[in-house]
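Each residue of the sequence shown is one higher than the last, beginning at 349 in our numbering.
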Amino acid sequence: GIANSIPFIGFGFLDNFFMLVFGDYIDLYLGSYFCFTTMGAAALGNTLSDILGIGSAFYVERLANRIGFKPPKLSPMQLDMNCCRNSANAGRVLGVTLGCILGMCPLLFKRGREDSEKEENLEDG
């Protein structure tokens with residue numbers, strides 16, 4: 349399960365990280381121009397993040413293999429066992445969950461609109 353979780357941590361991190369960054373910039377710069385709602389900007393950011401995720405999946409798996417997280421060598425009969433499939437799926441679920449939580453780090457640096465407006469009012473006044 350661990351060997352399956354490591355690439356999914358990377359994928360979950362990249363997916364959430366870029367979704368938040370893309371969605372924020374789309375909302376900030378293109379939202380008013382194209383009349384996007386915040387949810388529309390988030391959906392478009394998610395689309396771009398998914399496209400990037402498809403392209404980066406190979407590199408994330410390659411990096412995990414270089415670090416030393418290689419899947420165990422199992423026979424086809426072992427791979428077909430329920431316990432192996434359940435373990436692999438549990439590792440993937442835990443990996444992508446942890447990766448998505450870690451990928452929320454752009455929220456630590458994002459200022460809210462209210463904070464930006466207060467700062468602008470202080471500078472003007």
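Even for Gly, the Cβ is constructed at its ideal location relative to N, Cα and C.
Residue i versus residue j: straight-line alpha-carbon distance, rounded
| i | j | result |
| --- | --- | --- |
| Ala351 | Thr386 | 37 Å |
| Leu450 | Phe361 | 6 Å |
| Phe366 | Phe384 | 19 Å |
| Gly379 | Met452 | 21 Å |
| Pro420 | Leu442 | 18 Å |
| Ile402 | Lys418 | 20 Å |
| Ile415 | Phe370 | 29 Å |
| Tyr381 | Asp375 | 10 Å |
| Thr445 | Leu368 | 16 Å |
| Pro424 | Phe457 | 47 Å |
| Ala405 | Asn434 | 22 Å |
| Ile399 | Phe359 | 12 Å |
DSSP three-state assignment for residue i, whether helix, strand or coil
| i | result |
| --- | --- |
| Cys432 | helix |
| Gly439 | helix |
| Pro420 | coil |
| Ser380 | coil |
| Met452 | coil |
| Gly393 | helix |
Any non-hydrogen atom of the ligand HEM closer than 7 Å to residue i Cβ
| i | result |
| --- | --- |
| Cys448 | Judged by which ligands are present, the structure shown has none, so any question about the ligand HEM falls away. |
Residues near residue i in its chain [Cβ-Cβ closer than 8 Å; skip 5 each side]
| i | result |
| --- | --- |
| Ala438 | Gly349 |
Sequence-distant residues of its chain with Cβ nearer than 6 Å to residue i (five each side left out)
| i | result |
| --- | --- |
| Leu476 | Residue 476 falls outside the range modelled here, since the chain spans only 349 to 473, and no answer is possible. |
Pair within 8 Å by beta-carbon distance, residue i and residue j
| i | j | result |
| --- | --- | --- |
| Val408 | Pro454 | no |
| Asn364 | Cys448 | yes |
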